[in-house]
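Okay, so here's the structure we're looking at.
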Amino acid sequence: MKVISILNQKGGCGKTTTAVNLAYALNKQGYKTLLIDLDPQAHTTFSLGIAHVLGIPDLLENYLDSHCTGLDQFLTQRDQNLFVITSSIGLSALEHKFSLREDKLFVLYKLLNRYASEYEYCIVDCPPNLGVLTLNAYFASNYVVVPLTNCDFSLKGMETLNQIIDMTQDLSPTAPAIYYLFTQYDKRFRYSVNFLDKIKILLGENLLKTIIRTNISMREAAANGQTIFEYKPYARGAQDYMLLAGEIAEITKDQKWARFVLKGKNYKKVYVVGDFNQWQKSETFKLKKLDSDTWCINLPLRKGKYSYKFCADETWCTDPFNTFEEDDSFGGKNSILHIE
Ligand SMILES: Nc1ncnc2c1ncn2[C@@H]1O[C@H](COP(=O)(O)OP(=O)(O)OP(=O)(O)O)[C@@H](O)[C@H]1O
Ligand SMILES: [Mg+2]
Numbered sequence: 000m001k002v003i004s005i006l007n008q009k010g011g012c013g014k015t016t017t018a019v020n021l022a023y024a025l026n027k028q029g030y031k032t033l034l035i036d037l038d039p040q041a042h043t044t045f046s047l048g049i050a051h052v053l054g055i056p057d058l059l060e061n062y063l064d065s066h067c068t069g070l071d072q073f074l075t076q077r078d079q080n081l082f083v084i085t086s087s088i089g090l091s092a093l094e095h096k097f098s099l100r101e102d103k104l105f106v107l108y109k110l111l112n113r114y115a116s117e118y119e120y121c122i123v124d125c126p127p128n129l130g131v132l133t134l135n136a137y138f139a140s141n142y143v144v145v146p147l148t149n150c151d152f153s154l155k156g157m158e159t160l161n162q163i164i165d166m167t168q169d170l171s172p173t174a175p176a177i178y179y180l181f182t183q184y185d186k187r188f189r190y191s192v193n194f195l196d197k198i199k200i201l202l203g204e205n206l207l208k209t210i211i212r213t214n215i216s217m218r219e220a221a222a223n224g225q226t227i228f229e230y231k232p233y234a235r236g237a238q239d240y241m242l243l244a245g246e247i248a249e250i251t252k253d254q255k256w257a258r259f260v261l262k263g264k265n266y267k268k269v270y271v272v273g274d275f276n277q278w279q280k281s282e283t284f285k286l287k288k289l290d291s292d293t294w295c296i297n298l299p300l301r302k303g304k305y306s307y308k309f310c311a312d313e314t315w316c317t318d319p320f321n322t323f324e325e326d327d328s329f330g331g332k333n334s335i336l337h338i339e
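Per numbering that gives the first Met the number 0, numbering of the sequence shown is gapless, rising by one per residue and ending at 339.
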């Protein structure tokens, strides 16, 4: 099961709309999909017109109280391949219970592991904050999709992720792959076109190729308790979210995980840099210290050939565990990785 969280601490940037319509489109494309409403505001639940009876608050409560239960009683089947776990305001009361546990950030990860073989995709709609629920979604995810709207505030979502990575850098050596999705694009407005140009440069490969255009029918659909595919199947929004599901299926099909390890006792900070991150040091590519002398990170990379190096404090070196090297253009060497 590929777990994809829709995450941005900014409110109203299209998380719920994306979660609901992406999940429905994946279901339409034949993928068995689980959609989890992890927001106590329960917007996913409302915008699908589902009456909450038993859902994520009950499932998590059961799990936290160590009751072993199946998933069925917490599911609502919404379409042939789409199963929803609803939410309610009661979810916010659980945050306190989470915080008492040592594994408070990994509860959802452990829970979802139990059902990993039953679904092809799991889409998680996150609340607009950086609380314990969002962090649980982050650590349970293989992929994070950050919706961005036409304003610089939504770029704060990028800071969100860096903050998360900063706050939690010693907890897990696995980072989900992060993609950005431009939503509510309107080519009639110069600010929208300019914003797209700006984020294309800023985000490069991490900006999804699919762009979600503004479409008033999306609002009407949600208000009606329907996805855009049910409300107006030929609307622009339906076309865009169907394309998005295709792109996500393509990306997740090709994605592999590469493990980078460096040994060294006295380092303070170790980064891996390469053509997969434009040779830029950033928090996303900072190795975690696993024990007194082992630094490690697992990175999601697509099929292909990659050149890279480590930067340990201010020293650059090739990968001592990888014998494949090529000359770089500065008279030194790069390590070479082939992902099949
Ligand atoms: N492509 C679109 N075209 C027109 N309206 C849209 C589009 N995408 C989202 N909206 C509308 O924008 C509003 C905010 O969207 P949404 O609820 O998905 O954001 P959110 O990030 O989940 O918000 P919150 O942070 O409060 O959970 C909603 O009224 C939604 O219907
Ligand atoms: Mg929402």
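Glycine residues also receive a C-beta, built at the ideal position from the N, C-alpha and C atoms.
query                                                                                                                 : result
Per-residue DSSP class, three states only, for N333                                                                   : strand
Alpha carbon of L132 to alpha carbon of E94, nearest angstrom                                                         : 7 Å
Euclidean distance between Cα positions of S86 and A244                                                               : 24 Å
Secondary structure of Y240, DSSP reduced to three states                                                             : helix
F194: first and last residue of the uninterrupted beta strand (DSSP E) it sits in                                     : That residue, F194, is in no beta strand (DSSP E); its alpha helix (DSSP H) goes 189–202.
T342 CB to nearest heavy atom of ligand 2 below 7 Å                                                                   : Beyond the ends of the chain as shown, which are 0 and 339, falls residue 342; an answer cannot be given.
Distance cut-off 7 Å: K14 Cβ against heavy atoms of ligand 2                                                          : yes
Cβ-heavy atom distance, H42 to ligand 2, below 7 Å                                                                    : yes
Where D326 sits in the DSSP three-state scheme                                                                        : strand
3-residue-minimum beta strand (DSSP E) runs that sit fully inside the stretch 223–271, ordered along the chain        : 255–262
Alpha helix (DSSP H) segment containing V372, residue limits                                                          : An answer regarding residue 372 cannot be provided, because it is not within the stretch 0 to 339 covered by the chain.
Neighbourhood of S291 by C-beta distance below 8 Å, restricted to the same chain and skipping five residues each side : K264
Pick from F329, F323, G331, K332 that is closest to I398, judged by C-alpha positions                                 : Outside the shown range of the chain, which is 0 to 339, sits residue 398, and nothing can be said about it.
DSSP state of S291 mapped onto helix, strand, coil                                                                    : coil
D124 Cβ short of 7 Å to ligand 2 heavy atom set                                                                       : yes
Limits of the unbroken beta strand (DSSP E) element including S4                                                      : 1–5
T68, DSSP secondary structure in three states                                                                         : coil
Beta-ladder partner(s) of V144, from DSSP                                                                             : I5, Y178
beta-carbon G224 near ligand 1 non-hydrogen atom, thresh 7 Å                                                          : no
Straight-line gap, V192 to S140 (C-alpha atoms, nearest Å)                                                            : 31 Å
CA nearest to the CA of I54, picked from A257, H66, L34, E249                                                         : As written in the sequence, residue 54 is Gly, which differs from the Ile given in the question. Ranking A257, H66, L34, E249 by Cα distance to G54 puts L34 first.
Meets three-Cβ-pair contact criterion under 8 Å: the stretch 10–27 and the stretch 203–221                            : yes
Expected contact under 8 Å - CB spacing of I211 and Q183 to nearest Å                                                 : 7 Å
C-beta atoms of F259 and V272 nearer than 8 Å                                                                         : no
Pair within 8 Å by beta-carbon distance, L81 and N26                                                                  : yes
Meets three-Cβ-pair contact criterion under 8 Å: the stretch 233–249 and the stretch 61–73                            : no
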